[in-house]
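> Take a look at this one; I'll ask things after.
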Amino acid sequence: MSVDMRTFLAHVELDGPVITAAGCAGTGRELAQFFDLHRLGALTTPSITMAPRAGRPTPRMAETPSGLLNAVGLQGPGIDSFLERELPWLAQRGIRTVVSIGGGTVNEYSALARRLADAPGVTAVEVNLACPNIEDRGRVFAREGAASAEVVGSVRSIMLGDVPVIAKLSPDVADIVAVATACADAGADALSMINNPLGMAIDTATLRPALAAGTGGLSGPAILPLAVRCVWQVHAALPRVPIIGMGGVLTGSDALQLILAGACAVGVGTALFHDPYACLRIERELADLLQARGFQRLADAVGVAHRPPGSPARHLHEESSL
Amino acid sequence: MSVDMRTFLAHVELDGPVITAAGCAGTGRELAQFFDLHRLGALTTPSITMAPRAGRPTPRMAETPSGLLNAVGLQGPGIDSFLERELPWLAQRGIRTVVSIGGGTVNEYSALARRLADAPGVTAVEVNLACPNIEDRGRVFAREGAASAEVVGSVRSIMLGDVPVIAKLSPDVADIVAVATACADAGADALSMINNPLGMAIDTATLRPALAAGTGGLSGPAILPLAVRCVWQVHAALPRVPIIGMGGVLTGSDALQLILAGACAVGVGTALFHDPYACLRIERELADLLQARGFQRLADAVGVAHRPPGSPARHLHEESSL
Amino acid sequence: MQVTGTVLTTRRVDAYHALTVVAPGIAERFRPGHFVSVAVGGSRSSMLTRRSFSVHDVRSDYGGTVELVFTVRGPGTEWLAERRARDTLDLVGPLGRPFPVPRDPVSVVLVGFEYGSAVLFPLADTLLARSCRVDFVLGGGSADRVFGAMRARRIAETTTLSTRDGSLGLRGEVTDVLASVITDTRADVVYACGPMEVMRAVTSVAIKFDIPVQVVAEEAMACGIGICMTCVLPVIGDDGVTRMVRACVDGPVFRGERVRFEDVGTIPFDAQGAPGGGARHVS
Amino acid sequence: MQVTGTVLTTRRVDAYHALTVVAPGIAERFRPGHFVSVAVGGSRSSMLTRRSFSVHDVRSDYGGTVELVFTVRGPGTEWLAERRARDTLDLVGPLGRPFPVPRDPVSVVLVGFEYGSAVLFPLADTLLARSCRVDFVLGGGSADRVFGAMRARRIAETTTLSTRDGSLGLRGEVTDVLASVITDTRADVVYACGPMEVMRAVTSVAIKFDIPVQVVAEEAMACGIGICMTCVLPVIGDDGVTRMVRACVDGPVFRGERVRFEDVGTIPFDAQGAPGGGARHVS
Ligand SMILES: Cc1cc2nc3c(=O)[nH]c(=O)nc-3n(C[C@H](O)[C@H](O)[C@H](O)COP(=O)(O)OP(=O)(O)OC[C@H]3O[C@@H](n4cnc5c(N)ncnc54)[C@H](O)[C@@H]3O)c2cc1C
Ligand SMILES: Cc1cc2nc3c(=O)[nH]c(=O)nc-3n(C[C@H](O)[C@H](O)[C@H](O)COP(=O)(O)OP(=O)(O)OC[C@H]3O[C@@H](n4cnc5c(N)ncnc54)[C@H](O)[C@@H]3O)c2cc1C
Ligand SMILES: Cc1cc2nc3c(=O)[nH]c(=O)nc-3n(C[C@H](O)[C@H](O)[C@H](O)COP(=O)(O)O)c2cc1C
Ligand SMILES: Cc1cc2nc3c(=O)[nH]c(=O)nc-3n(C[C@H](O)[C@H](O)[C@H](O)COP(=O)(O)O)c2cc1C
Ligand code: FES
Ligand code: FES
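These protein sequence lines are chains V, Y, L and F, in that order. For the first sequence, my numbering gives the first residue as 1, with consecutive numbering after it. For the second sequence, my numbering gives the first residue as 1, with consecutive numbering after it. For the third sequence, my numbering gives the first residue as 1, with consecutive numbering after it. For the fourth sequence, my numbering gives the first residue as 1, with consecutive numbering after it.
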């Protein structure tokens, strides 16, 4: 008997738990050359901004041990073009779409939410909080609970009630639980973690930073242990808040770690660069691992690692299904 | 002509920049079976505590992609036994020794400093701030500038003036520069970074955390980009404060990245588990890389990546030698 | 598509390594100019990003093989150079936009620098099949880094060689000889592959002659399939607007005169979406 | 010491893989009970920690070779199982405290479970050279997982086999037969290697007979050389105090009755430095 892989992102049901991570799946058209996008739990868009953005100069990438540094700088066409050309393409095909948004001020996030509020085809809105707050000396929203909560609260108040608002958190904080709690209190229906911790590489040939932007976001398997820890800590503190776990997932076993730690869905980013079919493979591997461990439903595995050793997983499934 | 590899830890000169990281080189006796410890820039001890500590239960380790999670829990014999048996062994042999200390209260750090103040053979004291503050709900000192500064200030006031006090910082903060500045203002003669970010792995066979302690510290090449970024940011803000860079150094090229980012010495931890000769190999590789790039002195390479592209490295060496 | 191919043969060609891999699906879909990306380091590798290589040759034996020619630059190509016959390789391809090929039997100069020459040979075959006149200009740092001279001599009308150290052909850059080759052959179009500064120089020669030039842009790529946005360079569109376009899917072949070579590695102030640029949305 | 050894031969032995590696320095210093640690995954591996293996056999040919016998457990041993003759392996060793060997020609029972049996054969050779009487008790989950039965039969006085599934020898645990072997052979001492629960059971049998028992403790190890403190287990010292000692340098061979098997994986409250324990320093 196959495992029931359905999951809920707040009140929205997804056919499967594996979704693409923001900024790692292009517009959808690129991956559609490889497989049918309906097989994804959902596709997350790159973070959409109000204005078109050319992003950062190149080099934008540097490989690190089991990781990748990137400094793309949210290159994108801006919300108008997104609503005109990209979202309709996904919506017409009925592809579950999480729209990620990014801004430099609370107002910009609100403006984006207003534009998305009546757009068809938005499964959920993910608020990328890893953007510099231009009204606070460029300090990243995600670094502070209050700043994060303000953004999330404003987006939540604008979006229609049936579109979940997901707050995406960064690990570069002293207390991820505090930021998560602030976001949940501000109305976030779900949390997504982790965004890239800030890293850097120096090119030892040129004696200069390897990325044109200097620092960049670290992704890939190197950060999986940070992601598992963040999911674990937040699930322990906020067991009722759905979590999309991500950061370094390359295999079904990595995805299972995040699920056992408390995630009900799993985002895949950098792995797609290595393997365009990564989401499908990971979902298949995850289903096999769940089955081998006697789980009939994915939902029964969520957060199981928090239970005292030896406690029966089976009986608790009512409570853990979100 | 060979490169002059001498460096300064504040006012203490070291023959070479490569030192062992705290808790990764045992008592010295173990590595002495492999090579002459005088060939190290310095040996750093595990963090010494007042009382003997049995540490955490096993499993204490889990391998992660290009990384290692550990939760040893500062197992050690306590300061009495350290002063009686371990420090004298190193001191008699004239091995440069950085004594790391760890405590649960400011008082415990002060008490340790008092015990070390007149002990012979202490090249420097490194204050491990990644310890839970039992007077503040177990919140780790390193997570907060004020708590870190208090510890550093008290140790600095007790140690004799000619023994540098090094503050060891953790990357799990929103603003490493703020913590670094607080420590420098409190009298730290040098900074050491990075200690292990907090991570976690779930054993997908037992469905439980892989470490008995649940979470653990992540080390190894996976964290190198975080270390380079922290060193870069702190050196940019505090160019006169000497930095011991560490975190994931496996090769001379990794060490060079940290030096170009602003470190004047480099700590090697996890690499020693893979290769007992790692420090010697890394120093050799580093010297070769410096030579190939036309550096006559290690000191001339410190922080070079901060210079605008094309600016002559040679002319600036007065200023960058610490 | 993704293929787990078996290495058929490995050989050294002067300074280069050549690998022939059985990869039926890729060989079948191949057109000149395509590239493939290769996973390096084995199953628990710490190297996450695929390495990109132009396809040098495609054959139909064993259901279809592709040949890659490469130089060892860093750890990924070092690993690749250690592959042996019967090892397996994980390939994704064919990737990128291939060379546009003229319908008429025009006169074509193919300019290749070092391993960049490799991608030009399947193109030459296609052009010859269309009765084009093909002339080669091949260059490199030194004699052992000029790739394909013998094969070029065999198939092309003329082959002009140059090296920076003078160890083979004329001493100097490929562009030092390009103008006279264009004149002599009355070339209608130029195709070129090599480092960015060579592409830039080739483009300016072609512009002087007012003939079209197609260049292959080599940018550091994390995905090769258009989803990571790391491989961008400033290219002028049909509408005259400069955009940061992806070398992997919008290229790697571009019209030379559209590429803003002098601005590669920057965001030109007039690029769409440039910081503070005119295209900024007023919210 | 660290050695880059060349793989001489690889073979399958029932469920196990055996690798013979040329490693002169290690072979020369070897004594029964030593182990080596192996770097896995090649030069850009994402696997950071070495894997530890007991040395099964040492020979003097090629300047000195060591043989490892292992089972595939995870990615590291999987990689190791793919090694072929002429590949190189990075070894550190010999590591750990070897078996203490009696001076007198006593009667000895060697108890091995699965690949744990491997380390007992060089010990048997040493004991036989000292005119000890040697008897083997070998076991495993199933017939193909009992290692070394043939060789044991060749060299030992008696060899008793057992398997959990009954597919070879007696059905059950090695300890089910150990008591009668000790009685029959009038054993003076027991040596054992295998999983912790088997070591525990063997120890309690030896304690019943009041004879010394030396066991090999297998703990997850990050360094193997005593510097990482990850491989600890609670062991009672000569002074009666329990300490968390390192399996890699304080072991892996321990006197069985000193190991607090029931407390492995915990910090016993009375261990030196245990939280809240009596040994706490008053500051
Ligand atoms: C479309 C295209 C076609 C190419 N064709 C060939 C070819 O036929 N023969 C050949 O020898 N080389 C070719 N290259 C360059 C080749 O991809 C690089 O030499 C190779 O990726 C270097 O990997 P490394 O691990 O050896 O070096 P490293 O420098 O250590 O690589 C580190 C990282 O940078 C990336 N990178 C470094 N240099 C380049 C580069 N020049 N282009 C793209 N990515 C780079 C790598 O993919 C990797 O992610 C081509 C590149 C592109 C984009
Ligand atoms: C002193 C000693 C002698 C050993 N001798 C043998 C032998 O002769 N034959 C044999 O087949 N195995 C032996 N082992 C066990 C062997 O080390 C493990 O099976 C191996 O490390 C597993 O690696 P892996 O990558 O396949 O598995 P994984 O489980 O993926 O390994 C992950 C990590 O855990 C560590 N680890 C996992 N299991 C063990 C274990 N049981 N012991 C130590 N570390 C572990 C690994 O070193 C690695 O760091 C011995 C272990 C020790 C400590
Ligand atoms: C090239 C690249 C671009 C990214 N762009 C975005 C983005 O636009 N918005 C966002 O919230 N996260 C972005 N991320 C972060 C990912 O969504 C994800 O959180 C992170 O990379 C960790 O997952 P991974 O290790 O699977 O990649 C980006 C990551 C990469 C590597
Ligand atoms: C097993 C282990 C034990 C450690 N013990 C200490 C310690 O006692 N005190 C301390 O300040 N840091 C300790 N560290 C952190 C290291 O000193 C170092 O900061 C960190 O591991 C990053 O360097 P690396 O990647 O080279 O190991 C320990 C690290 C490891 C892996
Ligand atoms: S390489 Fe990823 S978009 Fe081009
Ligand atoms: S394995 Fe490191 S101390 Fe034993």
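No residue lacks a Cβ here, since even glycine has one placed at the ideal position from N, Cα and C. Quick caveat: nothing in here was measured; it's all calculated off a predicted structure.
Under 6 Å Cβ to Cβ from L:PRO122, same chain only, skipping five residues before and after it: list those, please.
Result list for L:PRO122: PRO32, in chain order.
> Does DSSP put L:THR65 in a helix, a strand or coil?
Residue state, collapsed to three classes: strand.
> Give me the pocket residues for ligand 6, defined as CB within less than 7 Å of any heavy atom, sorted by chain position.
Ordered along the chain, the selected set is Y:PHE273, F:MET221, F:ALA222, F:CYS223, F:GLY224, F:ILE225, F:GLY226, F:ILE227, F:CYS228, F:MET229, F:THR230, F:CYS231, F:ARG246, F:ALA247, F:CYS248 and F:VAL249.
> Within the 8 Å Cβ cut-off, does F:GLU28 reach chain Y?
No - not a single Cβ of chain Y is within 8 Å of the one on F:GLU28.
> Hey, does F:ALA274 have any beta-carbon neighbour from chain Y nearer than 8 Å?
So yes, F:ALA274 belongs to the interface.
> For L:PRO100, count the other beta carbons within 10 Å of its own beta carbon; 16 or more makes it buried, fewer makes it exposed. Which is it?
Label assigned to L:PRO100: exposed.
> Express the C-alpha separation of Y:ALA255 and Y:ALA42 in angstroms, rounding to a whole number.
Roughly 15 Å separates the two Cα atoms.
> Give a yes or no on whether the C-beta atoms belonging to V:LEU90 and V:ALA265 are separated by under 8 Å.
Going by C-beta atoms, V:LEU90 is not nearer than 8 Å to V:ALA265.
> Could you give the distance in angstroms between the alpha-carbon of Y:LEU112 and the alpha-carbon of Y:PRO65?
For Y:LEU112 and Y:PRO65, the distance between alpha carbons rounds to 37 Å.
> Closer than 7 Å by C-beta to F:CYS228: which residues in its own chain qualify, once you throw out the five before and the five after it? Chain order, please.
Taken in chain order, the residues that qualify are ALA222.
> For Y:ASN107, which three-state DSSP category applies?
Helix, per DSSP.
> For the segment 198-212 of chain Y, which residues have a beta carbon sitting closer than 7 Å to at least one beta carbon of chain V?
Correct list: LEU198, GLY199, MET200, ALA201, ILE202, THR204, LEU207, ARG208 and PRO209.
> Would you call the CB atoms of Y:ILE134 and Y:SER170 closer than 8 Å?
The answer is no: Cβ separation not under 8 Å.
> So, for Y:THR181: in the same chain, excluding its five sequence neighbours on each side, which residues have a beta-carbon less than 8 Å away from its beta-carbon?
Once the five neighbours on either side are set aside, the close Cβ partners of Y:THR181 are GLY145, ALA237 and LEU238.
> Tell me whether V:CYS324, by its Cβ, gets closer than 7 Å to a heavy atom of ligand 3.
In the structure as shown, chain V starts at 1 and stops at 322, and residue 324 of chain V therefore has no counterpart that could be examined.
> Please name the residue or residues paired with V:ILE244 in a DSSP beta bridge.
Bridge partners of V:ILE244: V:SER192 and V:ALA265.
> What residues in the segment 10-35 of chain V bring their beta carbon closer than 7 Å to a beta carbon of chain L?
If the cut-off is 7 Å between Cβ atoms, the segment 10-35 of chain V has CYS24, ALA25, GLY26, GLU30 and LEU31 near chain L.
> Under 8 Å, do F:ARG50 and F:VAL92 count as touching if we go by C-beta distance?
Cβ atoms of F:ARG50 and F:VAL92: closer than 8 Å.
> Report yes or no: is there a C-beta of chain L within less than 8 Å of the C-beta of V:HIS274?
So, interface residue.
> Where F:SER131 and F:PRO105 are concerned, what is the direct C-alpha to C-alpha distance, given to the nearest angstrom?
Distance between the alpha carbons of F:SER131 and F:PRO105: 5 Å.
> Is any heavy atom in ligand 2 found nearer than 7 Å to the beta carbon of Y:GLY199?
Y:GLY199: no, Cβ never under 7 Å from ligand 2.
> Below 6 Å CB to CB, which residues in the same chain sit around L:ARG97 once its five sequence neighbours on both sides are set aside?
Closer than 6 Å at Cβ, skipping near neighbours: VAL253.
> Run through DSSP, which three-state label would L:ILE225 get?
Three-state result, L:ILE225: coil.
> Could you name the residues of the segment 184-204 of chain L whose beta carbon sits closer than 8 Å to any beta carbon of chain V, in the order they occur along the chain?
If the cut-off is 8 Å between Cβ atoms, the segment 184-204 of chain L has nothing near chain V.
> Just the Cα atoms here: how many angstroms apart are L:ALA18 and L:ARG86?
Roughly 15 Å between the two C-alpha positions.
> Report the option in F:LEU161, F:ILE26, F:VAL202 and F:CYS193 whose CA atom is closest to the CA atom of F:ALA179.
Nearest option by C-alpha distance: F:VAL202.
> At a CB distance below 7 Å, what residues from the segment 57-73 of chain Y approach chain F? Give them in sequence order.
Answer set for the segment 57-73 of chain Y: PRO57, THR58, PRO59, ARG60, MET61, GLU63, PRO65, SER66, GLY67, LEU68, ASN70 and VAL72.
> Could you tell me if the beta carbon of Y:LEU226 falls within a distance shorter than 7 Å of some heavy atom in ligand 3?
Outside the cutoff, so no.
> Got a sec? Which residues, its chain only, sit under 7 Å from Y:SER47 by beta carbon, not counting five neighbours each side?
Taken in chain order, the residues that qualify are ALA22, GLY23, LEU74, SER100, ILE101, GLY102 and ASN128.
> So for V:PRO197, helix, strand or coil by DSSP?
Note: V:PRO197 maps to coil in three-state DSSP.
> With a threshold of 8 Å, are at least 3 pairs of Cβ atoms found where one atom belongs to the segment 191-207 of chain F and the other to the segment 167-178 of chain F?
With the cut-off at 8 Å, the segment 191-207 of chain F and the segment 167-178 of chain F touch.
> F:THR10 and F:ARG84 look like a contact to me (Cβ under 8 Å); what is the Cβ gap, rounded to whole Å?
About 6 Å separates the two Cβ atoms, so the contact holds.
> So which residues on chain F does L:GLY42 lean against when the C-beta distance must stay under 7 Å?
Residues of chain F passing the Cβ test: GLY42.
> Reducing DSSP to helix, strand and coil, say where V:PHE82 ends up.
DSSP places V:PHE82 in helix when its eight states are reduced to three.
> What residues from the segment 95-109 of chain V come within 7 Å of chain L, judged by C-beta to C-beta, listed N to C?
So the close ones are GLU108.
> How many angstroms separate the CA atom of V:ARG96 from the CA atom of V:THR123?
V:ARG96 and V:THR123: Cα-Cα distance of roughly 6 Å.
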